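Numbering (mature numbering (1 follows the signal peptide of the UniProt record, and there is no 0)), first residue to last: -23 to -1, 1 to 504. Here a beta-carbon is modelled for each residue, glycine too, at the ideal position from N, C-alpha and C. None of the values given here were measured: they were computed from a predicted structure. Take a look at the structure set out below.
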């Protein structure tokens, strides 16, 4: 061994010893370790699932699933300890012991919460990081899957594809999103108009309640089972796994992307899209992207229509030549592929990328970003669109992604699950702004732009309440400081409309002391 290697090894051992002794001298760490040891099998080394801030791996574990760089700065509040369970019993122990030690417990599956509420708090807290609990079990005999909440959507899609070319699941476009947060907040994707939401296909679940007990659907009861299918499960417990029904997809699907500028017929396309996209054949899902761009040194607007059709290219070209001739879709604009390849296409992978790419968790990958949401219930007029173009060009950086509703979404009652945005909504808007450079000045500029555009859109969107989508988390709507019913109502009615009341009732029944909480959680009625 060289002298430099020996010195390096010596320093590594010295640092490890210092970190171990620091953890040993940390009374919170010691209290948690001692408590967990009472509930976890003695043959398991409990310390291997705990990361205090003196552990050399602490930063890498914390940062791995931070998906918004705004919350990965030196000033961002950090958890006192990260708990990384390897088994279901570890989750139960973590829930019990966090309460005994007196710390708030944040629950993180994929880390895509846009406001970082699963791993940031201004009060001392632990993070329960579910990334190790990622098993997926597909049962083709009843076309179902048990999926642990630390799995990603990409892993779920890949596992389904391994079993069948003609099955899929109606969930999101980003493959690194965690199953836990996505399904508990409703979840949607390109199969929404044909099949509905992710949460519409949950048939069973396993949850750790505030007493540390593991409950399935029968044991938890229908009220709690209802609440964790779109109401944000982190208000009620820790979901370990969901059982979902798979859906049928054809062997061949078709995708397309068409772009138009204002100098073309972009405004006419945007106008017509609003009435056609929610009413056309349910086998067609389209997303319209509205983005300010520069062309020939002039600022203008680009309108992009992306589509997935559950059928062949001839079918969608014939459909849209009848329903939407202004779009001018032709066979050469279309690409036929397997459904699993359409998942890769929507996630912006290059053509020919193998499905194994969906298994890449792409950890430590995060932009600076801000998101907001709205629902449109009546088409925006041509004059309205032209005023919108002017505002978006003036602001400069915020884009809008408009996702068509209708189809199956119109057929499911708005009280069937906590997600209330069903019939009567033409499309949902996601406000999107990303940036690369750190610093408060750029962040203030971009977030202010998003707020300004959201304010401008007030005239065009849903009212009383102004609706929003829970999985597009937005703390501008309101936050809880004391978790009172009235505080919760501000954001609760935006996310859940009339279903807020029932969610409060469920919360009061299962977690009256409000252990499971975040800045936008459901409050118990007693607070």
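- For residue 400, no alpha helix (DSSP H) run applies, since DSSP gives it neither H nor E.
- Along the length of the region 169 to 256, whole alpha helix (DSSP H) runs at least 4 residues long occupy 169 to 172, 194 to 197, 199 to 204 and 243 to 253, reported in chain order.
- Residue 174 and residue 275 have their C-alpha atoms roughly 40 angstroms apart.
- CA-CA distance, residue 387 to residue 110, rounds to 35 angstroms.
- In this structure, the alpha-carbon of residue 352 lies about 16 angstroms from that of residue 358.
- With respect to residue 137, residue 39 sits apart: the two C-beta atoms are not nearer than 9 angstroms.
- Nearest in C-alpha terms to residue 474, of all of 180, 208 and 361, is 208.
- CA-CA distance, residue 361 to residue 116, rounds to 50 angstroms.
- Fully enclosed alpha helix (DSSP H) runs of no fewer than 4 residues occupy 417 to 433 of the region 370 to 447, in order along the chain.
- DSSP places residue 479 within a helical segment (H, G or I) once states are collapsed to three.
- Assignment of beta-bridge partners to residue 121 by DSSP yields 116 and 222.
- Each residue's CA atom was taken as its position, placing residue 12 and residue 385 some 48 angstroms apart.
- Excluding residues up to 5 positions away in sequence, 301 and 303 lie with their Cβ nearer than 7 angstroms to the Cβ of residue 249 in the same chain.
- Put simply, the region 220 to 238 does not touch the region 336 to 345. Fewer than three CB pairs are less than 8 angstroms apart.
- DSSP places residue 292 in the uninterrupted alpha helix (DSSP H) bounded by 290 to 300.
- The residues 483, in chain order, have a CB closer than 6 angstroms to that of residue 200 in the same chain once the five nearest residues on each side in sequence are set aside.
- About 5 angstroms separates the Cβ atoms of residue 84 and residue 105, confirming a contact at the 8 angstroms cut-off.
- About 14 angstroms separates the beta carbon of residue 150 from that of residue 381, a gap too long to meet the 8 angstroms contact definition.
- With a threshold of 16 other beta carbon atoms within 10 Å, residue 147 meets it and is buried.
- By the C-beta criterion, the region 311 to 318 is judged not to be in contact with the region 360 to 374, since fewer than 3 inter-stretch pairs fall below 8 angstroms.
- DSSP, reduced to helix, strand and coil, places residue 269 within a strand of the structure shown.
- Annotated three-state conformation of residue 108 is coil, per DSSP.
- DSSP places residue 140 inside the alpha helix (DSSP H), whose first and last residues are 130 to 140.
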